[in-house]
Each structure stands twice: as structure tokens, then as C-alpha cells.
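Residue numbering for the first sequence is 4 to 961, as defined by our numbering.
Glycine included, each C-beta is placed from N, C-alpha and C at the ideal position.
Everything numeric in this text was worked out from a predicted model, so none of it was measured.
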Amino acid sequence: MSTSDSTPKERYNARLAAKIEAKWQDRWDSQRTFEAPNPAGPLAEPDKIAGRQKLFILDMFPYPSGAGLHVGHPLGYIGTDVFGRFKRMSGFNVLHALGYDSFGLPAEQHAITTGVHPRENTESNIANMRRQLRRLGLAHDARRSVSTTDEGFYRWTQWIFVQVFDSWFDTDLGRARPISELIAEFSSGIRATGGTPWTEMSSRERKQLVNDHRLAYLADAPVNWCPGLGTILANEEVTAEGRSDIGNYPVFKRNMRQWTMRITAYADRLLNDLDRLDWPESIKLMQRNWIGRSEGARVRFASPAGDIEVFTTRPDTLFGATFMVLSPEHPMVDELTTTSQRVAIDSYLSAAARVTDTDRQSDTREKTGEFTGSYAVNPVTGEEIPVWIADYVLMGYGTGAIMAVPSGDERDFAFARKYDLSIIATQMPPDSWFADHGIAPSVDCATWPNAFVGEGTYVNSRNDAGTSAAGALVLDGITEMAVAKRCTNEWLEARGIGEAAITYKLRDWLFSRQRYWGEPFPIVYDHDEMPVAVPDTLLPVALPELSDFKPQALDPNDEITDPIPPLARRADWVHTTMDITDPITGETLSGAKVRREINVMPQWAGSCWYELRYLDPTNDAVFIDPEVERYWMGPKHDGHTGGVDLYVGGVEHAVLHLLYSRFWHKVLFDLGHVSSEEPFHRLYNQGYIQAHAYRDERGQTVPAADVRERDGNYFYDDQPVSREYGKMGKSLKNIVTPDEMYDEFGADTFRLYEMSMGPLDQSRPWNTRDVVGMQRFLQRLWRNLVDEDTGLPTVSDSECPDALLRTLHVSIDGVQRDMDGLRFNTAIAKLIELNNALTKHVDAAGSTPRVVAEPLVQMLSPLCPHLASELWQRLGRSDEITYSPFPIADPNLLVSDTVEIPVQVNGKVRSRLTAPTGSSDDQLTALALSDEKVRIALAGAEPRKIIVVSSRLVNIVA
RNA sequence: GCCCGAGUGGCGAAAUGGCAGACGCGACGGACUCAAAAUCCGUUGCCUGAAAGGGUGUGUGGGUUCGACUCCCACCUCGGGCACCA
């Protein structure tokens, strides 16, 4: 940017913007402008909240990456900031803060390679991110910027874990209750143990029984075990080839004892409460799919190895079940395999074990399977049907076994055709189905090209041989699937063969990691090797110091040896003595010898509840003061879930983070710790900023900033390059940083550009070239209010022309509504229009009327707070614009004396006429018919019909 | 394969049943300048026309309506999610 002599001293450019921005950022800090008062607790200022509505807005918890920010990161932060500032001017008590999700893998990987402690690395990353964000001028309450790695924070993460550990899910009441109440029910005999009576159990057996009911429990679960790295890996850390993302080591599926969260107990509430949330439908749908609730029935088929239980969503097709298929991992496979089939089954099993999960789920793969040699009995027909194994049946869903109904299920159909198994129709498809497939209607499935799924009249579905004998199941003639399902379920239930059942895709949540940089579990193991919560007075369980952060590396192909987490290296920390309380008897065991849990929590833990800590960040007595929680997050009326008023973030967290947080929040609600049933009442997904990237002829990416366009082609160093489009990132060499924008334009221009690019929820390409448009707008606006040479205001208290005043109020009306609806791009367009109108006035009159200047600056201030604050001050205002009331449109100035009405002839606009506001439809009709252009367009034709939309339009149909 | 979402100028976009393309970029023309940058003013969907004007136009094809970017049906393309879930 040139600063030569010809440039006026007080022109609004990057140099002046930098000066103004630093000045106001310092002032906001020192005056603590954005601190939000609480009703109670350490940050209580009850007098300041009186008479104000509250608004809690939240951005998704960022990970403090070492790479720093690019221009895509702050998009959502700017959006929430603009909204928060607008609402603050509208009288709301706005709480807006940003903390750091600072545990996690990258800092640990960095520590492993450099030896720098993850804490040091994390802290310097946070400092850098704070610096970059401060330059943006975000109106955050700095007191509330917590980090998950602070002991004062993770003390409460551990406390919440203990709450989850110390509760169980009462399926009768559909909610969590303290584990002590379960123990009381067992010991008093109100609740049966389902096995050995409580009184006859050993201490260890009692603990095990209770542990099996806890919401946080230890379970053997299949995990991604990577011996080369000495740790288990999250699914997203495993490549499609089944190797580790880092180091390319083999990864094995194996069972390991892990902390697990009983999220499945909440499946129905997590599903049903979605209806009460103000979230994008697409996200609700993703959560619904993830929970995957299926209604159906469990049915037991007799076999030589005992009953085989299956889950089916189509009990109504039971008469068409002509064979069964078990997953290769099913526990009954061995017993069902006959001597003659042993070799074939064993070879199939070993082949199946070698197929990776991704291959197994490939859609092009042909179905394979093997006959066990055994037969089971179809409970409705009494017929013997063969039992097969096949890897298209998954052990992890339902019961790991299915009844195969080839006529009604495409997968079973394909399998039956391949292995020549019988196919019996249980429903007659409609004629249209046969027509679509080009075959004649027939109940003989031999002619069918596919299975039939849909509504059709039931056939071949009675087990009384046509006698109408009492107690028989007769579906024949029924036309509705729901009726047939109900009849079948009732029949099965009456005979104890099966019952209606619901299955979920959702799995319990694997909660431990063999890592260092995470929250230690507040758990020790007692002399019975049973987990016991660390007493509250001993929290936090601080992460012990280590000299080496590497997990123990093993032979990359060693599937057998158990992982040894880094914390195990501190034997002095692991083995300790502690005053613990026996969970069953309640008696205190002083100085008990205990062993600490050496796994750590996953990164999700802190982000599951951080929003609550923003509200009461310095409270040492409780994780959040109940009154503070009720004020900021409590339900607004009967049936309202409560929760954050606006939560903005990317879709990538649609399922995991948002589901885990909802689960923890519901547990806290059940236990009476929070008044809100949901953490995030309104969710808004911001789009992404993407960017073009360029490759040369060798396929190498070249720096996007140095590519030039000529006639629609792109060149780097005069060599043609090809253009592609994707996320900003190092590998595509297309990163643009906020710092570059601050230097070239200033933060206000950058903020304005990001908000003007399009709707907040849409992704759009970054174009540095376009930013100048917003800078020019601010420059023109500045010039309308301030003399570019002297810096003095050019505002006059003289009369404002009526037309300009009307334009102003139309703008106020539109900008107000746009900002309320998060439509910042159109709000900005309206401000530019107003400023363009003002420029014409200033060109003629030489100054801006104060009645226009002040509201214009106020409307701009949520978007460009530094510039607006500066202008406010230069206009002679000594109050803080942040808390000045947002302008209100005068309804009288929104309507003008005349309106322009388009006139259509046969739906095409042929003329426009100016009519007095409030003209009657008849008057408009008369005006239109006498209009010269309309008469020409009609060409003498007689109008057959005239449509008048009052004050909007006239359409003449001839 | 199934389920969502989106397709509008050279580009980002606006209009959600009633004047398509607001606002911004770019491009073109002009002012200022020795010159350039910056800044300012004007033009800018496409076709046709000297102009006035006319025609045409919101992925494609149908439909509903006096009137459709907007609603309905089918298809095409792109993006996202799920994926042998019984």
C-alpha cells in the first residue's frame, strides 16, 4: 500500500486501520468492555443483569493447532461476534467466550519427536492463537477463556466422570440414578440380582454386579491395536489399508478391556429430543441415522446346538424364511458345524478373518458363505431350514444371526440365487411391480429378478393348512404390513418363541486411550482389582511428569502383547495408598494400597461439557453454580430443552461431539446438576472457506498467491498450470492467513469481507482480489463523515432531506432484520446502498446530516467495531458504542407517497406506473388500462381478466 | 445402492409465488496524473439494433398458476452423509 505524499493523511487505509484497531483493542481490554455479569457465584454482579434478556452464544471449541490460523478459521467466530455485538446493542446481556480444547494427539506427537513437553507446546500454540484472534477484535469475555488442560478445568472433567461412574440407568424410569440407590435396592431385596442372591454374594461379586450397571464401565471391546506404535488408535487414525496413519504400521482388531460409556441407554432420548431442538434438519438426520433405531422382533429358531436367536425388522415374512445365516464370529458356529462340513467351514472362517473391514464392506464384493451342515426349525412352519455362515452378516449388529427371507430381502435373494436355496413369496407384489420388471405377475419366485420389498397381499402365510384351527397364525389375505407384523409378534409372544424388540446401530462409547496427553481417570483399583472412584477431595488426579512420552513400541506384527501406556512408566505414581470408600459397604478404608488407572480419557471428554464451565470458570466449589446454569441455559418455558442460544460450528462434528455432549448433559440433568435437558438448543453450521490451488505440468502444487490469470488460463512463472479447488492447507500451497489480511487491509475490512461473501452457512471460495471492494466501501463511508486531510468530522446538524431520511429508515429496518436472521451479507449490501445514497448527498451538500451519520455508524459497528468506535468518538460521542441502542426504524418513514407498480400483459412486464400509496385496486386497474404502453401491448385485444396484487402489481390477461 | 443438500452473468452472490441478476469483484470507457499506483465517475446477463426498442434468459424436460429462480413430477450434474444394519 502506497503512503506517498499524494495520499491524504487521514485516508482510511491499512495503516490508519492498524492504528485505530490497536487503540480500541487496548481500550476494550483495559475497560473490560465485554465482561458479562453473572447472577451468582464468583462472577456475580446481580444489579447489572436486572431488566436485560440474556443470550449465550458459542463457537465450537477450537484445538490450538501449531500451524496457526488461516482465513477459513475465523469465519464462524466473526459471525457470532457480529451477532453478539448486534444483540448487545439490542439490550441483551450477551455471554461470548472462547476457550481451548488443548488435550490431544498433535501436541503428544510433537512431544515424541522433539522431546518438548506437550504442555509447553500447547501453551505456546494457545498464545499464538490468542494473538491472532485478538487482532480480530472479538468481543469475548477473557475471564471465561478456559483450557481443558488447566488443572482447574480437568478437575471437573474428572468430577463429571465420577458422576457418570457413580450412576446407573433405571430403564423403568428412563433416567440415570445414583449407584447408591441401586446398591440399596439390591441389598434390601427390592431388586433381584438375576443370579446368586445378594446375601450370598462375595464382596467381589457384589462389586462386579454393581459395576455391570454403571454408566461408565469396563468392558472387553474390539479396538484398533497398533503394536508398532504401542497404542490403540481411533478409527479415523487407521488408513483404508488397515495401517496406522502415522508410521504405516499394521493395525489389528483385538479385544481389550476398556472404559466404556453406556450411551446406548440414552438412545431413545437422544433420538426423541432431536425433535425439540432448533438444529438443521440434515444434522438431525445424521444423528438419527447414527442412532439407527430399528423396530422388529427377536425370534428363536430351535437347532441341534440350542435356540438360535435372530433379530428381524420383518417378522411378517417369517413364513418365507427358508434358511438362516450366522456371522462367522457367531459363538454357535463351532457346535453347529457337522463333521462333513468341518473342513469347508474352517477354510471359510480363516478366509473371512483375513478380509479387512473395508474390503468386507465393499459394495462390489460378491456374497460368499458356507453351509454348516446343520438345520434349524422355522417356528411358524415347523420346517427344517439349513444354517449357513456368511460374512455379510455382522456380529456387531442385532444378534449376529439372521433368518433369511430371500423373497423379501435383496441380500438374502442374491445369496439364495448363488447357492440355489429355495425362495418362497410371502406377499404378492402389485401388478405395477411386475410391469416395471417386464415379467408377468406370478407368485412363483423363480421368475422374479429381485426380492420384493413393499406392501402386498400376504400369501403362503398360514400354518393351519387351511383349517382355520384355533391358535394358528394366519396372515394370508392381509394387505397391510403393520397388521401382519402385529399378528406375528403376538403369536410369537404367546408361545414364548419371540417378542417385539428394538435394536440400535449406536454402540456404547469406547472411552480410554493408551496415551499421555489426556485427562487421567479419577479411578484406582482396590484389593479386589475392582475400580473405585478417587475421593473428591483428592481431585484433580494430576498428570504426572514424564521424561519420555513415547508409548512402548513393540514388534509391529506382535498382535498378542498388551499395550503399556506411558503412565505405566511411573510405577511410583501408579502404586500408591489412598483413603478410599468401599462402594458397597460405604466404609472407609484408610491408607488402602491401590493401583491407579493408567489409561487417559479421549479428547472428547473436555469438549463434552466446556460450555458449562464458560459460565462459571472460576468457581472452585462446584463445576457450575446452579443459579448461573439456570440463568444462562435454563429452559425458557415448559417443554423447552434449555441450552446454548446459538451454537455455531462446522458439520464435521455432526455426530460424535454433538452426540457425546448431549449424552453427558442428559446424565448431569438426570442427576440434578443442570436444569437444561440439552446442551445446545440452537445449532447453526457455518460453511467453509475454500480456495483454488494450482498444479504445474508435473503435477506439483505451486504457490497459489503467485499464479496469474490470462484469458481464462492460469500461469506460474509463465508456465501454464491447472486449477483445482479444495480446502485451504499446506499441501495445496493455498493458505492465506489473517495476519496477511491485517497487514494489507486491517481487521475491519477482513471481517466485513468474510461476512459479505455469502450466507454464513454456505461454503465459498476465498479470493483475496475481492477484498478491496469492502475496503473501498469503508473508505467512502469514512470520507462521508471525516475530512481525509484533517481528520475532523464533516457532520452537520442541519436538516436532512426527506428522501435521504427515508432511505436511512428503510436501511435500518432491513439491516435490523438481516442481522437478527444472521444474513450479514445482505445487511452489508443494504449499508453500502445507504452509503452510496449518502455519498450523492455529500457530493452536493458537502456534509452529512448527524441524524444519518450516527445510525449509520451504529449499524456498521457490529461488523466493523474498531472503525465504528473511532467514528463514534470523532462524531463527538463520549459514550461506548458497544452498549448504545441499535437504531429503530420509524414506521412512518418506511412508506413513501407514491409506489411504482409494474403492469404485466399476459404475465410479461410491459409498463410501470407511479401511483399514490394506498391506491385502490380499481384505481390501479384504470391507470393500467389507460397506459400507453399497455394499450400497444394489448393491440386492441379485450382484457379477459385483470389480476391486481394490492400495491404490488397489475396483470392483464387478454 | 440409499438418504440429504445444491445448480442463477466472466466470478462471489440477491430475489422463496408478483419488476430476475440488489451489493461486491473483474472487465470496458472516462476524470485526476509527466506517468503509474491509489482514488473518483460511468457502462456492463446474452442475442439483435446506430439508437429508441425488440427478443431471450435462473441445469434439462414436463406440470400447476393470471403469473414459477421460487411449488409439483421425472431426469442430468456437483457436493455431503450412510453403506451387506437383518
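Top-ranked residue by Cα proximity to residue i, from the options
i, options, result
"Met132", "Arg158, Glu154, His73, Lys90", "His73"
"Thr928", "Ala942, Ala944, Ser953", "Ser953"
"Val537", "Tyr422, Ile601, Phe524, Leu825", "Phe524"
"Arg573", "Ser593, Asp585, Ile601, Ile563", "Ile601"
"Gln802", "Gly824, Pro852, Met822, Phe753", "Inspection of the sequence shows that residue 802 is occupied by Glu rather than by Gln. Answer by Cα proximity: Pro852."
"Trp451", "Ile427, Thr460, Cys229", "Ile427"
"Leu649", "Arg146, Ala17, Gly441, Leu280", "Leu280"
"Asn839", "Val654, Ala53, Leu784", "Leu784"
"Trp262", "Leu221, Trp162, Leu288, Val960", "Leu221"
"Gly943", "Leu825, Ala961, Arg134", "Ala961"
"Leu825", "Ala25, Gly87, Pro40, Thr482", "Gly87"
"Gly79", "Asp821, Pro762, Trp436, Arg194", "Pro762"
"Asp153", "Arg877, Pro543, Gln703", "Pro543"
"Thr482", "Asn466, Gly474, Thr460, Arg465", "Thr460"
"Leu781", "Phe753, Arg820, Leu273", "Phe753"
Residue i vs residue j beta-carbon contact at 8 Å
i, j, result
"Val957", "Gln926", "no"
"Arg518", "Glu123", "no"
"Val912", "Asp62", "no"
"Phe991", "Gly82", "No information on residue 991 is available, as it lies outside the stretch 4 to 961 that the chain covers here."
"Val705", "Val724", "yes"
"Gly729", "Ile738", "no"
"Thr920", "Ser899", "yes"
"Arg414", "Val527", "no"
"Pro109", "Phe552", "no"
"Pro318", "Thr429", "no"
"Gly129", "Ile587", "A quick correction: the sequence has Ile, not Gly, at residue 129. No, the Cβ-Cβ distance between Ile129 and Ile587 is not below 8 Å."
"Leu509", "Thr202", "no"
"Ser850", "Thr797", "yes"
"Leu841", "Val860", "no"
8 Å Cβ shell around residue i - same chain, five flanking residues per side excluded
i, result
"Ser471", "Val477"
"Pro382", "Val302, Arg303, Phe304, Ala305, Leu321, Leu495, Arg498, Ile500, Gly501"
"Trp27", "Gly140, Pro868, His869, Ser872, Glu873"
"Gly411", "Arg317, Thr320, Gly323, Thr429, Gln430, Ala454, Phe455, Val456"
"Leu941", "Val908, Ile959, Ala961"
Whole-number beta carbon distance between residue j and residue i, since they are thought to touch under 8 Å
i, j, result
"Pro77", "Tyr103", "Actually they do not touch by this definition, with Cβ atoms about 15 Å apart."
"Pro865", "Phe172", "Incorrect: roughly 45 Å between the Cβ atoms, too far for contact."
"Ala100", "Asp144", "5 Å"
"Leu541", "Met581", "7 Å"
"Tyr634", "Lys57", "6 Å"
"Asp790", "Glu126", "Asp790 to Glu126, Cβ: 46 Å. No contact."
"Leu592", "Ile583", "5 Å"
"Cys229", "Ser247", "5 Å"
"Ser759", "Ile692", "Not a contact, Cβ separation roughly 13 Å."
"Val328", "Ile249", "Incorrect: roughly 38 Å between the Cβ atoms, too far for contact."
"Tyr745", "Val774", "The Cβ separation is near 12 Å, so there is no contact."
Cut-off 7 Å between Cβ atoms - residues of its own chain near residue i, not counting five sequence neighbours on either side
i, result
"Gly973", "The chain is shown only over 4 to 961; residue 973 falls outside these bounds and no answer can be derived."
"Thr6", "Bear in mind that a pLDDT of 44 at Thr6, under 50, signals an unreliable position, so the number given afterwards is only what the model happens to contain. So the list reads Arg18, once near-sequence residues are dropped."
"Ala43", "Asp628, Glu630, Val631"
"Asp531", "Ser206, Arg207, Lys210"
"Pro11", "Glu791, Asp792"
Sequence-distant residues of its chain with Cβ nearer than 6 Å to residue i (five each side left out)
i, result
"Thr506", "Ser297, Phe314, Gly401"
Heavy atom of the ligand GTP within 7 Å of residue i beta-carbon
i, result
"Leu549", "Judged by which ligands are present, the structure shown has none, so any question about the ligand GTP falls away."
*At what residue ranges does the segment 243-271 contain a whole run of the beta strand (DSSP E), taking only runs of 3 or more?*
255-264
*Ordered list of beta strand (DSSP E) runs contained in the segment 447-535, each at least 3 residues*: 501-506, 526-528
*At which residue ranges does the segment 288-317 contain complete beta strand (DSSP E) runs of 3 or more residues, listed in the order of the chain?*
297-304, 311-315
*Which ranges does the beta strand (DSSP E) cover as unbroken runs of at least 3 residues, wholly within the segment 86-112, from first to last along the chain?*
Whole beta strand (DSSP E) segments, 3+ residues: 96-100.
*Which runs of the alpha helix (DSSP H), 4 residues or longer, sit entirely within the segment 605-663?*
607-610, 613-618, 629-636
*asked:* Report the start-end ranges of each alpha helix (DSSP H) in the segment 757-839 that is 4 residues or longer and not cut off at the edges.
replied: 775-788, 805-823
_3 or more residues per run - each beta strand (DSSP E) lying fully within the segment 345-426_ = 373-380, 387-392, 404-407
_Every unbroken beta strand (DSSP E) inside the segment 719-748 [3 residues or more]_ = 722-730
_Quick check for students: name the residue ranges of the beta strand (DSSP E) that lie wholly in the segment 137-195, counting only runs of 3 or more._
Correct list: 170-173, 178-181.
*asked:* I'd like the ranges of any alpha helix (DSSP H) spanning at least 4 consecutive residues and lying wholly in the segment 857-934.
replied: 868-877, 924-932
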